[in-house]
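Have a look at the structure below before the remarks.
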């Protein structure tokens with residue numbers, strides 16, 4: 001007896017509610033942009049400069065006690081947040097720990113090392129048994145560069161992928177895939193604006209992974225579309241896309257589920273340091289799966305595609321062909 | 333029908349065996365690391381020498397340590413260079429005294445030399461004479477240019493500065509020298525396996541595992557430790573006193589409010605030192621003893637002989653540590669620096685003096701220190717999360733695809749072994765995001781198998797025989813697998829190229845994971861399925 005998440009043959013009409021899903025996606029994208037513009041991202045020190053001190057104490061310490069100390073030291077803008085790790089008992093992570101964040105003086109290229117040392121010394125004096133788990137400081141010069149590098153990385157990734165898909169498929173596919181991709185990236189930025197999770201270098205890495213994953217999903221569907229375009233020359237594009245989506249649905253769901261299983265384990269057990277990172281990935285897998293079905297394919301339907309793939313060869317997998325399927329046949 | 337040539341089988345089996353053998357040391361991490369240390373120290377390690385002993389490096393976020401990105405203030409050096417031009421310029425202008433008149437140096441902090449001549453009419457002659465001093469530059473980019481640029485200012489001023497080509501050549505030397513000095517200082521302090529790398533045109537990345545506070549590293553690299561013995565012109569309590577051209581007004585480090593006017597040019601400087609040791613003076617106060625090289629000893633000896641009764645200042649990083657009066661001729665070139673030091677300070681100072689002065693100041697742009705406790709917590713959390721993710725995926729695959737799922741699971745286990753083996757051989761650094769990359773790979777690696785299995789199911793439904801269905805399943809899933817993985821791989825490459833530190837670690841594991849998972853799905857599971865099929869010859873299969 002097999003565990004089957006998706007029945008053997010499905011015949012969903014993915015375009016029946018097209019207007020609705022398209023509307024939802026458009027709304028979500030607009031909402032994300034508005035959120036980003038109005039609320040903005042909670043940039044970490046990687047992008048804004050400043051210092052973060054992570055502490056651990058044997059017993060609980062009230063946030064206010066930390067704040068009082070920082071007030072006495074007159075370090076300027078500083079925030080304190082307690083870390084509660086639900087899986088701490090299981091993984092042996094620090095139980096009573098807090099993050100103290102000190103803002104960087106405007107435009108200061110060097111880090112505020114004296115301030116951090118002063119706070120560290122004062123903390124250890126005031127709270128008995130306090131351990132400094134980590135300190136991080138980033139000066140304005142580096143943070144400015146990291147912002148640039150981050151934007152450049154995401155931009156380059158999108159461009160490179162657009163190019164690759166255009167090379168392997170047709171331009172309509174590339175546009176569909178990139179639309180899905182941009183949709184995922186914008187929604188991720190939107191959700192980070194909404195929940196106020198810290199946005200740092202690791203999140204950029206997560207976004208790039210989402211870019212990769214979202215494409216992975218889209219490409220698998222497109223690959224099937226390409227194959228079916230050759231096989232069913234008379235079928236309407238809408239039926240053909242539906243057929244392709246249904247044929248790949250089981251795989252789409254299976255892969256998303258295995259990836260999500262792994263990511264959720266990491267989210268729950270992986271510790272505080274990478275929680276934001278795994279959250280972004282989980283979100284990315286969910287929206288990436290959604291977008292390859294409900295964004296990429298409808299766009300392909302609207303743009304219409306070249307139907308005449310047959311010139312390169314007959315039938316789906318007989319012999320090596322020129323064009324689209326350079327890797328199609330291997331002698332394995 | 334299900335072709336799988338023997339040579340390919342042998343290759344795949346060999347690769348899998350190699351993966352298992354080369355990933356094995358990581359299972360005994362502490363033991364192997366200890367043994368490697370012992371071997372490095374020339375002793376017998378307890379890890380068998382016939383087994384591979386390469387380990388994955390743990391990143392600073394996992395083992396704890398300090399990460400510092402510093403910028404070398406390359407412009408600091410320009411002024412020194414200009415100061416050394418001054419005596420030369422003075423010499424050539426004196427030869428032309430009839431035409432140019434008297435020459436005076438004006439005070440400037442701009443990394444340039446500014447001179448006023450007595451006879452404005454001789455300006456052109458003076459400039460021509462100084463231009464004679466310029467040396468041609470032999471670097472690739474600076475062909476045809478000289479090291480200094482001389483220009484007229486007003487009617488009687490001459491400005492000399494370094495040319496752009498010379499500046500960039502100087503910058504390059506300054507940074508290379510700084511890297512060397514930082515390395516010597518950190519090595520002298522006895523820290524284990526530091527990484528000191530030049531980054532970009534004027535930056536140095538310093539990573540020191542195992543230190544609990546970046547302050548320990550900053551104490552070593554935060555001071556330039558420029559030592560000089562200077563002729564004292566005057567002592568004053570006026571902090572705004574005019575030092576005059578070619579002189580410096582410096583504070584006394586132990587007596588607030590006391591200042592010395594000293595000559596900018598040192599009699600002898602720290603680069604002439606051959607040794608420095610922390611010690612105690614006759615009153616048992618911590619102090620630092622030093623010894624000059626032959627040349628330094630001679631210069632210092634000559635100076636003391638000529639200046640008996642005059643004070644000289646021992647200057648460290650623009651502060652006067654002490655200004656003793658010369659009692660007698662000091663031959664031999666050794667001495668002792670006393671001041672108000674603690675023993676920790678004298679130990680550090682002697683390290684700094686032995687390693688040499690930094691040519692320019694270092695400014696810290698970025699600092700990250702992870703305590704060993706947090707690193708250990710992260711490793712533990714990563715280990716548990718990976719194990720749980722791994723088991724969950726294995727169970728899910730077995731439930732979904734039965735026997736074929738088990739085949740995929742064997743491939744998945746070998747896949748992870750391959751990732752660890754490759755990372756160990758490459759000597760790659762595993763960071764916490766890197767662990768996340770491995771976990772993600774575990775989730776995504778099955779994707780290729782899922783694609784193949786789903787395809788086989790479809791082909792079976794189309795009433796193909798089992799062997800044909802397997803063959804077609806593999807063939808038809810191939811393009812999707814390759815296209816899908818190449819796109820993710822592109823993202824990994826971009827991450828690697830642009831990212832830094834932990835993010836790079838993530839990119840490496842992601843990239844390696846993509847390659848191994850494609851290998852595992854296309855070759856390992858296929859080998860298992862083909863072998864099973866050849867042995868059993870089932871009439872029908874269920875996937």
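Chains as they are written, first to last, in my numbering: chain R, 1 to 332; chain L, 333 to 875.
Glycine included, each C-beta is placed from N, C-alpha and C at the ideal position.
Measure how close the beta-carbons of residue i and residue j come, nearest whole angstrom, since I'm counting them as under 8 Å.
i	j	result
residue 177 of chain R	residue 186 of chain R	The Cβ separation is near 15 Å, so there is no contact.
residue 397 of chain L	residue 539 of chain L	7 Å
residue 25 of chain R	residue 294 of chain R	7 Å
residue 446 of chain L	residue 455 of chain L	The pair is not a contact, with the Cβ atoms about 14 Å apart (cut-off 8 Å).
residue 517 of chain L	residue 400 of chain L	Contact doesn't hold; Cβ gap of about 13 Å is too wide.
residue 226 of chain R	residue 248 of chain R	The Cβ separation is near 12 Å, so there is no contact.
Hey, could you find the ends of the beta strand (DSSP E) residue i is sitting in?
i	result
residue 566 of chain L	559-568
residue 698 of chain L	694-702
residue 50 of chain R	50-56
residue 187 of chain R	From DSSP, residue 187 of chain R is part of no beta strand (DSSP E) but of the alpha helix (DSSP H) over 171-195.
residue 654 of chain L	651-654
residue 531 of chain L	527-531
residue 592 of chain L	591-595
residue 912 of chain L	Because chain L is modelled from 333 through 875, residue 912 of chain L falls outside the range shown and cannot be assessed.
May I ask you to report which of helix, strand or coil DSSP gives residue i?
i	result
residue 739 of chain L	helix
residue 677 of chain L	helix
residue 311 of chain R	Note that residue 311 of chain R scores 49 on pLDDT, short of 50, meaning its location in the model is unreliable; the coordinates nonetheless yield the value given after this. Three-state DSSP puts residue 311 of chain R in a helix.
residue 577 of chain L	coil
residue 690 of chain L	coil
residue 387 of chain L	coil
residue 78 of chain R	strand
residue 427 of chain L	helix
residue 10 of chain R	coil
residue 708 of chain L	helix
residue 29 of chain R	helix
residue 835 of chain L	helix
Locate the alpha helix (DSSP H) running through residue i, then write down its first and last residues.
i	result
residue 549 of chain L	546-553
residue 669 of chain L	First-last for residue 669 of chain L: 666-669, but that is the beta strand (DSSP E), not the alpha helix (DSSP H).
residue 242 of chain R	237-269
residue 65 of chain R	63-73
residue 367 of chain R	This structure leaves residue 367 of chain R out entirely; chain R is present only between 1 and 332.
On a CA-only basis, which of the options is nearest residue i? Give me that one, please.
i	options	result
residue 443 of chain L	L/867, L/414 and L/393	L/414
residue 403 of chain R	R/302, R/174, R/297 and R/102	No answer is possible for residue 403 of chain R: the residues shown for chain R start at 1 and end at 332.
residue 802 of chain L	L/449, L/866 and L/630	L/866
residue 805 of chain L	L/615, L/838, L/461 and L/736	L/736
residue 622 of chain L	L/632, L/354 and L/669	L/669
residue 356 of chain L	L/831, L/750, L/824 and L/393	L/750
residue 191 of chain R	R/21, R/35, R/86 and R/11	R/35
residue 305 of chain R	R/236, R/57, R/288 and R/283	R/236
residue 673 of chain L	L/619, L/558, L/704 and L/824	L/619
residue 105 of chain R	R/276, R/61 and R/143	R/143
residue 31 of chain R	R/204, R/238, R/210 and R/189	R/189
residue 725 of chain L	R/267, R/298 and R/263	R/263
residue 202 of chain R	L/493, L/870, L/462 and L/765	L/765
residue 523 of chain L	L/602, L/549 and L/853	L/549
residue 603 of chain L	L/590, L/580, L/583 and L/629	L/629
Just to check, is the beta-carbon of residue i closer than 7 Å to a non-hydrogen atom of the ligand NAP?
i	result
residue 643 of chain L	As for the ligand NAP, it is missing from this structure, which has no ligand bound.
Residues, ordered as in the chain, of the region 755-778 of chain L that lie near chain R by beta-carbon distance below 9 Å: 764, 765, 767, 768, 769, 771, 772, 773, 774, 775, 776, 777 and 778
Residues within the region 119-133 of chain R neighbouring chain L, beta-carbon criterion of under 9 Å: 120, 131, 132 and 133
Within 7 Å of chain R by C-beta, residues of the region 698-720 of chain L in sequence order: 698, 699, 700, 701, 702, 703, 705, 706, 709, 710, 712, 713, 714, 716, 717 and 720
Under 9 Å (Cβ pairs) to chain R, residues found in the region 524-554 of chain L: 544, 545, 546, 547, 550 and 554
Residues in the region 259-271 of chain R having any Cβ partner in chain L nearer than 9 Å: 259, 260, 261, 262, 263, 264, 265, 266, 267, 268, 269, 270 and 271
Under 8 Å (Cβ pairs) to chain R, residues found in the region 724-743 of chain L: 724, 725, 728, 729, 731, 732, 733 and 734
Residues, ordered as in the chain, of the region 787-809 of chain L that lie near chain R by beta-carbon distance below 8 Å: 789, 790, 793, 804, 806, 807 and 808
Near-chain R residues of the region 824-835 of chain L (beta-carbon distance less than 9 Å), N- to C-terminal order: 824, 825, 826, 827, 829, 830, 831, 832, 833, 834 and 835
Residues, ordered as in the chain, of the region 497-513 of chain L that lie near chain R by beta-carbon distance below 8 Å: none
Contact set between the region 835-852 of chain L and chain R, restricted to residues whose Cβ is under 8 Å from the partner: 835, 838, 839 and 842
Contact residues within the region 156-182 of chain R, judged by C-beta distance below 8 Å to chain L: 156, 157, 160, 161, 164, 165 and 168
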